[in-house]
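Here is the structure we will look at, set down as structure tokens.
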Amino acid sequence: MNVKSVYSPDVYRKIMNADQDKKDDIYRYELMLPFKGKWDCYHIPIKASKEGAYDIIMANNRMGIFPPSKVNLTTKDWIEAISDKNLWDVCQKSIETALERFVSKGIELKVQEYLFSIFLADPENAYTKMNEGYCGDGGIPGFVMGWLIPNENNLKKLPAAFAHETNHNVRYQFIKWTNDITLGEMLVGEGLAENYATAIHGEEFLGPWVGKTDPELLPLIKEIIHDGLDATGFENITAYLYGDEMARMQCFPEAGLPYCAGYAVGYHLIKYYLQKTGISIEEATILPHEEILKEVEEFWEMCYFS
6 MNVKSVYSPD VYRKIMNADQ DKKDDIYRYE LMLPFKGKWD CYHIPIKASK EGAYDIIMAN
66 NRMGIFPPSK VNLTTKDWIE AISDKNLWDV CQKSIETALE RFVSKGIELK VQEYLFSIFL
126 ADPENAYTKM NEGYCGDGGI PGFVMGWLIP NENNLKKLPA AFAHETNHNV RYQFIKWTND
186 ITLGEMLVGE GLAENYATAI HGEEFLGPWV GKTDPELLPL IKEIIHDGLD ATGFENITAY
246 LYGDEMARMQ CFPEAGLPYC AGYAVGYHLI KYYLQKTGIS IEEATILPHE EILKEVEEFW
306 EMCYFS
């Protein structure tokens, strides 16, 4: 396995010092182009065919990644905060450890080359606020990224977020992604990823997408989510997985659920599955969601969480 990085601080400094009309292209071709294999899977062009059309900058703005137009001298301290070599070493080590644990279980990874980077998050973006200032993406095998408002807390938690995303990276080497993906698959996938992150880094690094859910609400949340397990397509599963607020922002149907309720339920479901079966988290990661859900049907009737 080979894990490489795109060292973003150097590119951000170049954007910071560039004329306003040059910033976008530096961002596109020096920061985002190395991840073209990922963007192609999402049908996101590096540069739109005509001005104002959908492209990588517009897509990343929606995800909460800091736009190049805002990178200026006021961003200098943030760039310095993500320049620390130790941060990059720790994040790379987290990804390598997450991958090596699968190999140690005899799971032969189909992808051998991995690329990661650390980006700045836009503090004005609603998703950034909801996720307490840090997030990641690892759904396309071979590519892992994280973005953050680089304060002390987020810098500490970023390596765990990379472990979470690396788990996705491995799962979708074995489980075929489809556009009509079900809530059941997303629930299991996110539960596996967050259990994997805490298995490597500890429960104290539990992400807000799980930790912010009031435990007293979980039994009621489970009932609602159980009713939607067969829902397909992001327009129908967003409210169940991410909560009504995010669904509302995208004009999708609501389900009466708080922030990232599906992540919290998925986390506890997988935790219960692992305790019940004794299967390792690595082995569980490459199993079909139907197999996992069938094994823990009683979970939906339980009124407590360990």
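Residue numbers (my numbering): 6 to 311. Every residue gets a Cβ at the ideal spot worked out from N, C-alpha and C, and that includes glycine. The model shown is predicted, which means the values in this text are computed figures rather than measured ones.
By the neighbour-count criterion, in which 16 or more other beta carbons inside 10 Å mark a residue as buried, T282 falls on the exposed side. Only buried fits G141, as 16 or more other CB atoms lie within 10 angstroms of its CB. Contact annotation: I61 and F124 have beta-carbon atoms that are not nearer than 7 Å. Under DSSP, D142 takes part in a beta bridge, and its partners are M150.
Membership of Y132 in the alpha helix (DSSP H) is indicated by the continuous run A131 to M135. In the structure shown, Y264 falls within a coil segment according to DSSP collapsed to helix, strand and coil. If you draw a 10 Å sphere on the C-beta of A131, you find fewer than 16 other C-beta atoms in it, and that means exposed. In the three-state reduction of the DSSP assignment, L114 falls in the coil class, being assigned neither a helical nor a strand state. Beyond the five residues adjoining it in sequence on each side, S99 comes within less than 8 Å, by CB distance, of P164, A165, F167, A168, T171, I205 and H206 in the same chain, given in chain order. With contacts defined by Cβ atoms closer than 7 Å, K162 and F210 form a contacting pair.
With a 10 Å radius around the Cβ and a threshold of 16 neighbouring Cβ atoms, R253 comes out exposed. Excluding five sequence positions before and after V16, the CB atoms of its chain that fall closer than 8 Å to its own CB belong to I31, Y32, E35 and L36, given in chain order. Cβ-Cβ distances below 6 Å link A86 to P155 in the same chain, with the five nearest sequence neighbours on each side left out; the list follows chain order. About 6 Å separates the beta carbon of K217 from that of Y264, a gap short enough to meet the 8 Å contact definition. The stretch 288 to 307 and the stretch 182 to 193 touch, with no fewer than 3 CB-CB distances between them shorter than 8 Å. Between S88 and P14, the CB-CB gap stays under 7 Å. For A126, the three-state secondary structure derived from DSSP is strand.
In summary, G57 is exposed, with fewer than 16 beta-carbon neighbours lying within 10 Å of its beta-carbon over all protein chains present. The beta strand (DSSP E) runs of length 3 or more contained entirely in the stretch 41 to 128 are, from start to end of the chain, 118 to 125. Here DSSP, grouped into helix, strand and coil, assigns T282 to helix. Relative to N91, the option among G111, W83, L160 and C256 whose CA is nearest is L160. Residue pairing by DSSP places T237 opposite T187 in a beta bridge. Between Y277 and F304, the C-beta spacing is below 7 Å. Q280 and L298 have their C-alpha atoms some 14 Å from each other.
I186 has its alpha-carbon roughly 19 Å from the corresponding atom of W44. Per DSSP, the unbroken beta strand (DSSP E) holding N7 starts and ends at N7 to V11.
Ranked by how close their Cα comes to the Cα of A126, the residues M135, Q255 and Y119 have M135 in first place. Counting only the Cα atoms, M68 lies some 15 Å from P50.
Note that the C-beta distance between E259 and A244 is below 7 Å.
For R253, the enclosing alpha helix (DSSP H) begins and ends at D249 to M254. If you draw a straight line from the Cα of E296 to the Cα of I20, it comes to about 48 Å.
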